[in-house]
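Data block below; observations after.
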DNA sequence: GTACAACTTCAAGTCGACTTTAAGTCAAGG
DNA sequence: CCTTGACTTAAAGTCGACTTGAAGTTGTAC
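Residue numbers (my numbering), protein chains in the order written: chain A, 30 to 176; chain B, 30 to 176.
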């Protein structure tokens, strides 16, 4: 259990080996010890990856996760790190929810109220209402592939 | 008003000219009439762009918007087109909301319950709990630049 | 005649989080 | 010795929605 290959670790944490190499490359994981050129990991690496996975689950970007590990003075307790980053993320999530909610509202209104025959007619109505200049950009279809 | 340049149209609908050319390129807009090589637009193009902007506001991808215009038999009324696509999108938005909500829940729990000193300790806890294999992928920080 | 602004095309660049590909290395088994 | 499988690297590709850049054309003003 002390020395695992990259694929053993990948299996344990539910990642592809390429992702683990990538994390190392961007400095999210410290360079692994090598045994005749191959990476060898112990449980601390697995724990670190568990944290990374959890953080991704919480909506953190890899850059934010790097902050979690490296963006504080070494004495800063983990709990405080989490709290600091979580506050910002929570606000972001709320903003995102609001964005989605307004899409939903508008979508429902659209479904109820539109009786246009042609798209052109529809466009004329929208254009007159003037409320089309803003562009909230959709948060993306969620749920990415998971190996 | 009958004949506008691309930049006049861009101004009216709040897009960059490059976006309009791009829409033409991917077939979202029909190729514009040319006057000595330059594109000339009338109000129907503006209406079409108004529809596109509104649809983007509702969370539709450009591909979905293309469906809105080209994915139905020509006789299909606009209102019916909207309703068909909106139903799917509404379901997607709901799924996205659920994803965000579960992130929020987990985030709050994390903030309350984590008292770890070190990240390593934190990782051990997460790893033991086993609930880190899934990877919901965050919907993206919303609100993209708007020209 | 030439400067200028506004347009044109086509190709390439951007962002984030990876994956894929090509070419090479290594240890074990037959 | 040779194959096999798991690993290695660096570079390039992927996705969506554009933007940016380079190089060229057009019409108008001075």
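Beta carbons: idealized from backbone N, C-alpha and C, even for Gly.
Apart from the five residues on each side of it in sequence, which residues of its chain come closer than 6 Å, Cβ to Cβ, to residue 58 of chain B? As a first step, residue 58 of chain B must be located in the second chain, where it is residue number 29. Contacts found: 52.
For residue 67 of chain A, three-class secondary structure by DSSP: Residue mapping note: residue 67 of chain A aligns to position 38 of the first chain, counting from 1. Note: residue 67 of chain A maps to strand in three-state DSSP.
With 16 as the cutoff for other CB atoms within 10 Å, does residue 121 of chain B come out buried or exposed? One-based indexing of the second chain puts residue 121 of chain B at position 92. Per the 10 Å Cβ criterion, buried.
Would DSSP call residue 45 of chain B helix, strand or coil? In the second chain, counting from the first residue as 1, residue 45 of chain B sits at position 16. In this structure, residue 45 of chain B counts as coil in the three-state DSSP scheme.
Could you tell me the alpha carbon to alpha carbon distance between residue 95 of chain A and residue 159 of chain B, rounded to whole angstroms? Position 66 of the first chain, counted from the first residue, corresponds to residue 95 of chain A. Position 130 of the second chain, counted from the first residue, corresponds to residue 159 of chain B. When rounded, the distance between both Cα atoms is 22 Å.
Do you know offhand how far residue 45 of chain A's Cα is from residue 143 of chain A's? Residue mapping note: residue 45 of chain A aligns to position 16 of the first chain, counting from 1. Residue mapping note: residue 143 of chain A aligns to position 114 of the first chain, counting from 1. Answer to the nearest angstrom: the Cα atoms are 47 Å apart.
What does DSSP give as the partner residue(s) for residue 33 of chain B in the beta ladder? The residue labelled residue 33 of chain B in the question sits at position 4 within the second chain. According to DSSP, residue 33 of chain B bridges with B:70.
Distance, Cα to Cα, residue 77 of chain B vs residue 36 of chain A? Here residue 77 of chain B is taken as the residue at index 48 of the second chain, counted from 1. Here residue 36 of chain A is taken as the residue at index 7 of the first chain, counted from 1. In a straight line, the C-alpha of residue 77 of chain B is about 51 Å away from that of residue 36 of chain A.
With distances taken from CA atoms, which of A:100, A:41, A:132 and A:99 is nearest residue 82 of chain B? Numbered from 1 along the second chain, position 53 holds the residue referred to as residue 82 of chain B. Cα-wise, what sits closest to residue 82 of chain B is A:132.
Backbone CA spacing between residue 103 of chain B and residue 148 of chain A [nearest angstrom]: Numbered from 1 along the second chain, position 74 holds the residue referred to as residue 103 of chain B. Numbered from 1 along the first chain, position 119 holds the residue referred to as residue 148 of chain A. Those two C-alpha atoms are separated by around 11 Å.
Please determine, among B:136, B:115, B:109 and B:113, the residue with the shortest C-alpha to C-alpha distance to residue 113 of chain A. Here the question's residue 113 of chain A lines up with position 84 in the first chain. Among B:136, B:115, B:109 and B:113, the Cα nearest to that of residue 113 of chain A belongs to B:136.
7 Å CB neighbourhood of residue 91 of chain A in its chain, flanking five on each side removed: Translated into the one-based positions of the first chain, residue 91 of chain A becomes position 62. Excluding positions up to five away in sequence, the list reads 55 and 57.
Identify the residues that DSSP records as bridge partners of residue 62 of chain B: which are they? Against the second chain, residue 62 of chain B aligns to sequence position 33. DSSP, once it has assigned bridges, lists B:69 as partnering residue 62 of chain B.
If you draw a straight line from the alpha carbon of residue 68 of chain B to that of residue 34 of chain B, how long is it in whole angstroms? Here residue 68 of chain B refers to the residue found at position 39 of the second chain. Here residue 34 of chain B refers to the residue found at position 5 of the second chain. Near 6 Å, if we compare the C-alpha coordinates of residue 34 of chain B and residue 68 of chain B.
By the three-class DSSP mapping on this structure, what secondary structure does residue 38 of chain B have? On the second chain, position 9 is the one that residue 38 of chain B refers to. Note: residue 38 of chain B maps to helix in three-state DSSP.
Would you say residue 150 of chain B faces chain A, with C-beta separation under 8 Å as the test? Against the second chain, residue 150 of chain B aligns to sequence position 121. Closer than 8 Å to some Cβ of chain A, the Cβ of residue 150 of chain B qualifies, so yes.
Residue 174 of chain A to residue 43 of chain A, Cα distance in whole Å? Indexing the first chain from 1 puts residue 174 of chain A at position 145. Indexing the first chain from 1 puts residue 43 of chain A at position 14. Residue confidence is low: residue 174 of chain A scores 38 on pLDDT, short of 50, so the model does not pin down where it sits. Its coordinate-derived value is still stated next. Using only the alpha carbons, I get a separation of about 12 Å.
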